[in-house]
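Here is the structure we will look at.
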Amino acid sequence: MKTMKRKSGSDGAAKVKFKKKKPPTDETKVASLEEREHQKTSIYRAPTNDELTQLKENEDLYKNNIFRLQIQYLLEEVRLQENKLDQINTVLHSINSFLKQLPSQTQEYELSSSDASPQGVHVPFPDIISQSKMKGKFCFHTPSEIKVVGSFLLKTMIKANHSIDIAVQMPQAVLHGKDYLNYRYYYKRAIYLSWLAYYLKDWEHTEDLSFTCGTNIFKPTLKINLKGKVGKKFNVVLHLATPEGHFKLSRFLPLKNNIRHNWYHGYEQDTTEEIEFPTADYNNGVLEDMLYEDHLRLLYSTLKECPGMSEAILLLKTWLKQRSYKGNVPFNGFCCSMLLVYLLSVRKISAHMSSYQMFRLTLHFIGTSDWSKEGITLNKDTNEDEKLPSLKDFHGVYPVVFVDSSGHLNLCSSLDTISYQMLRYEAQQSLALLDSTEEGSFELLFIKTKSFLQTVDHMFRINDAGSFTTKLSTEENNKLISYGGNARPILLEKMSEILRRGLDERITSLFMKPSPLVQWSVNESCPDSSKGPITVGVCLNASNYDNVLIMGPPADQPQAKEFRAFWGEKSELRRFQDGSINEAVVWPSSNSSQKKMVCKQIVQHLLKLHCAIYPSSIDYHGNSFDFILSSNTSSFEHASANQKKATIPRGCGEEESTHVIKTFEELSRQLRGLSELPLVVNNIHAVDPLLRMTEPLTARQYEVKEQSKGQDFLVPSNAKRSPLWCPVIKAYIKFEGSGQWPDNLEAIQHIRAAFHIKVAECIRQQLHFPAKATPRWIDVMKNGYVFRLSVIHYREMVLHKENAALGKSKTSHDIQAKKLEMEIVKKPLHNSLIHSLNGQFGTFSLTCRLAKRWMSSQMLSNHFYEELIELLVASVFLSPNPPNSSLCGFVRFLDHIATFDWNANPLIVNLNSEIKSESMEALKERFTNSRDHLPHMVVMTPYDVDGTLWTKQQPSPQVVKRLSLLAQAALALVESDGFEFTQQTIMQLFRPSTKDYDIVIELDKNHVPKLPFIQSSKSVHKSSDVKLASMVSNNVSNEVLPVVDFDPARSFLDQLQELFNDTAMFFCDQYGGSQIGVVWKRNKLAAQPFKIMNAKYKHVEEDVAQKKKKKQKAKDTKITTNEETMLKTNTKAIIQDFSILGQGLVKNIQVVNQV
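Right under this line is the structure:
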């Protein structure tokens, strides 16, 4: 208690005096209200319980906090905003009122009569079943109920889906008790829908009407495109529903028959015995129209019980949308929603989980369960009086089983085995992405739309399967009745079975490209979507897909008969090395390219044998681009004694490349064994693209003809045509260490030249190969190949670095040191790492060669180092799920360079997995901090963590932008639905457009020696001195070196770049291109003040000169010096210099764009 004293005042009244409070100390200071509020919002406050829960979830569930934020932002982006739905709600009220006011008819018409359908609207019923077979009467009546169903009402619609589903219930008066028989319901349904279309033409909000059809061609829907702004965001789709209780559910059990065999085939009832068989697909289609409201109630009650499920549905729908391959996927958003309901009912998920947890567990369930063997059901009713069908009954008639809550409807009735396995595969791959620690998984899951061509390795398209019905068994013919004569579902199941058995371990999975949603105008007749092409993709097993042998059982085993029946005439008895005699199938192949296409032979044979689908009806693609790399055997004529053309082995040059490497390895061993050298050869470092199998042009063996003997080497002798192109294969010789090397750079050059002379002499004397020494290299010919060997000494590079550090001609020494480091250190290391990828990925070399050939065909080859292109391709193969075909690899390469953001991210190519995950984060942080000082492209590798080795000097940002645009155009063409994989169509991708160049220099094709080597060339090369070996051989011997590395076109380009690099940019195709594109540098064309150092290729600006002349004439005085003389680039003189420098080589110079 506080103490107080009483005092008596002058008035006698007692006064109370309170003791003063002591000011509170720091320990007892009480925060003010403002301070307490600030502490609640401060970033330094203690975390709340909710925040602690989130942090725990981040640690246990999410890879990091960024991933969680990405999920949250994605949900905000894809969810419809409630405050922007007023207009569409008004439209929905309007259509409800409009449909309820439709007039009912009083007169009934026969179904077979045209009077039953409205004028001007075709009945959306396919012609597979004749209208004349329909019995019964029809009379249109006003719909009894109109209800919004589906995701819009449940608030689970994503913005990517603009369709609002409305269920229009047909009244009892329209249907009769026996309408469930013989497609009568389907036909009445189609007529009723046509009447709705007839009336809705006059609805005030109708912009356009069309019928749409999904997997069931007998159940179309009516799509209404709306007028005004609301029509840009939404459209309305009308579904028809049956009156509640009109049909009994028990009539549509999966094993029941509701289509009479005799009626379908037109037999008389009295003369032919009726055959009973299940019509499961037909029954399921009717059940779908009966259970709209039941499913809606179930979803609504479940979402009310578990509100977090709505966000999980949004995630799953977004995930599915990115994997729809622009088609109508049978497993749609409705199936996803029902699957979540099932998982909640069996307690695989709970109402307390987050949407991400539900999404992840759903993917896990899809990937680990197999509904084709053990179906799932939402029905929990155990009342045996209802006699519900068992899961076994459903499995007997459906490939995939997911039963709804009624216990009668299979929600996955339209899901074939191939599509289901594809769904499981995608779920498994997505789970792996969620578990990976690499960045970019969020984009791959939810943002990036998956491309069919980039997903599968091989693909084939069946254009005509009409003859398949001749191979149907009795059971399959009965199934055909249930499908209304549509054999497509039966073909898919049979094809899935035989291909999985036939391809076996050669593949990991089969994919089927979903068919697009069929849509047609209400004024047009119903198209037959059952006859459309079928596109199937194959994901290959990298270790087995090129195996040419299929081993069968021993001949005396019972399984041998089954094996022979499955493989037909291809099966034969063979004796193997271990003495066993087995049934076997051997697929013919003469080279590596044909081995890679063994799956094509298997698919064509099995479909012909079991499905009556002939190879002429199948377009198979897996190596469609490889012909670009194959030899143009018709381009060479050799003036040999017998005047016969050399026979070049077919293929893409893989055997030739392997032979080159073997020859080089043998030469390396021989060089190490040379005697009489001052130092022992320590190693031979390969640096040439041929020695890592990434050279687009196929390696050739050359034979110098007899009359050329007596010379050390040949020289060009024919001025009308350049000699046959003979490349050199570059490598470096490294000697053992020695202290006798001088420390003077000039002396090192002389010692190197002496080594070249001595090594060439030893090669000629000891190995008896033709060899020619120069101060810079040795050219030696072995087995028809010319190798260019250079002696390297690391001390030379060190001396340049030391001189640069001391400031002695710093710039030149620094440049030379970096050049030597690139040549003698980085290139050999790069060669080794890239060559190792060939053993790891069987199609890497083909893809790399295609990428180089494409970039060069776009006249960009001189702006990119070959090593840079190889790293771009390597990044594709080092990503998850690497391609196993050159087709898939090349398309992924185009996508990579078309979409990669070079400004925001470095490309990290983790060769040999030498860069750890911790180091990657540090590299990305360093890139972000120093982005302004780095080149436009940054490609980091284990041997170049700075990422500037191959990109510092070139390419420029403009060239990179052009490359990206060209890749986007090529990718759009290849992935378009109408693209035909013919040679003529593919060549369009490899033809450059010259309209964007200012000048095009056309070269004389006789002096482009690489031109005859490319597949598209029509040039024929005649040579009197050198010929190509007829086949790959180890016995090609020569005594004289041919003319090597002689390319006038390349030399001319190098000269132009050296002289005019400040004024123009030059573009060419280094693999046989006969044109050089020129683009003026616009900033150099502008007028500039006169300077003596800046006067090269300039002239006085014309208008300035005329102005001064007029001034002088008017004043009759000297021109004052305050008028500055301006210079402008003299483009006409430069063009003349092009012609002068290229005399004899330049055929024409075309000015495309005047500047």
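The sequence shown runs 1 to 1155 under UniProt numbering.
Backbone N, C-alpha and C define an ideal beta-carbon position, used for all residues, glycine too.
The model shown is predicted, which means the values in this text are computed figures rather than measured ones.
- Secondary structure remark: continuous alpha helix (DSSP H) runs of at least 4 residues inside the region 811-848, in chain order: 827-840.
- Counting along the chain, Glu870 sits inside the alpha helix (DSSP H) bounded by residues 866-877.
- Counting the other CB atoms within 10 Å of its CB gives Ile815 a total below 16, which places it among the exposed residues.
- Within the UniProt domain "Nrap protein" (453-611), the complete beta strand (DSSP E) segments of 3 residues or longer fall at 458-462, 507-512, 518-521, 534-540, 549-554, 572-575, 581-586, listed in chain order.
- The beta carbon of Tyr614 sits closer than 6 Å to the beta carbons of Lys608 from its chain, once the five residues preceding and following it are set aside; these are given in chain order.
- For the pair of segments examined, the region 91-111 was found not to touch the region 385-399: the number of CB pairs separated by less than 8 Å stays below three.
- Taking the Cα positions, Phe900 is about 15 Å away from Thr449.
- Residue pairing of Met358 in beta bridges, as defined by DSSP: absent, with no partner found.
- Between Pro126 and Phe218, the C-beta spacing is below 8 Å.
- Beta-bridge partners of Phe211 (DSSP): Leu222, Trp520.
- Ala1064 sits in a strand when the DSSP states are folded into three classes.
- Spanning the alpha carbons of Gln357 and Ser337 requires a straight line of approximately 15 Å.
- In the DSSP assignment, Glu288 falls within the unbroken alpha helix (DSSP H) covering 280-290.
- Cβ atoms of His863 and Gln766 stay farther apart than 8 Å, at about 44 Å.
- When rounded, the separation of the alpha-carbon atoms in Ile684 and Thr694 is 19 Å.
- Here DSSP, grouped into helix, strand and coil, assigns Ser163 to strand.
- Using a Cβ-Cβ distance cut-off of 8 Å, the region 592-608 and the region 499-513 are in contact, since at least three pairs of beta carbons, one from each stretch, lie closer than that value.
- Buried is the label assigned to His610, since at least 16 other Cβ atoms lie within 10 Å of its Cβ.
- According to DSSP, Val791 shares a beta bridge with Ile733.
- Residues Phe769, Ala771, Val780 of the same chain have their beta carbon placed closer than 7 Å to that of Ile763, with the five preceding and five following residues left out of the count.
- Sequence-distant partners of Ala197 (beyond 5 residues in either direction) whose C-beta falls short of 7 Å from its own C-beta, in its chain, are Val121, Leu209, Leu222, Val522.
- With a minimum length of 4 residues, the unbroken runs of alpha helix (DSSP H) contained wholly in the UniProt domain "Nrap protein" (309-448) fall at 309-321, 333-345, 355-368, 391-395, 417-435.
- The residue among Gly622, Phe625, Leu549 with its C-alpha nearest the C-alpha of Ser589 is Leu549.
- For Asn1148, the uninterrupted beta strand (DSSP E) run begins and ends at 1146-1151, by DSSP.
- A Cβ-Cβ separation of about 16 Å leaves Gly367 out of contact with Leu444 under the 8 Å criterion.
- In the DSSP secondary-structure assignment, Phe138 is bridged to Tyr109.
- Secondary structure note for Met937: it is in no alpha helix (DSSP H), with a DSSP letter that is neither H nor E.
- Boundaries of the beta strand (DSSP E) harbouring Gly1077: 1075-1080, taken from the DSSP string.
- Cβ neighbours of Ala116 within its own chain (closer than 6 Å, five residues either side excluded): Tyr109, Phe138, Ile191.
- The shortest C-alpha to C-alpha distance from Lys317 to any of Pro389, Pro307, Val329 is the one to Val329.
- Asp504 has its alpha-carbon roughly 18 Å from the corresponding atom of Tyr620.
- Relative to Tyr267, the option among Lys133, Leu298, Phe1052 whose CA is nearest is Lys133.
- In the DSSP assignment, Gln169 is bridged to Glu145, Ala241.
- Membership of Glu77 in the alpha helix (DSSP H) is indicated by the continuous run 65-78.
- The C-beta distance from Leu453 to Thr212 rounds to 26 Å, too long to meet the 8 Å contact threshold.
- The closest CA to that of Glu821, considering only Ser372, His793, Ser836, is found on His793.
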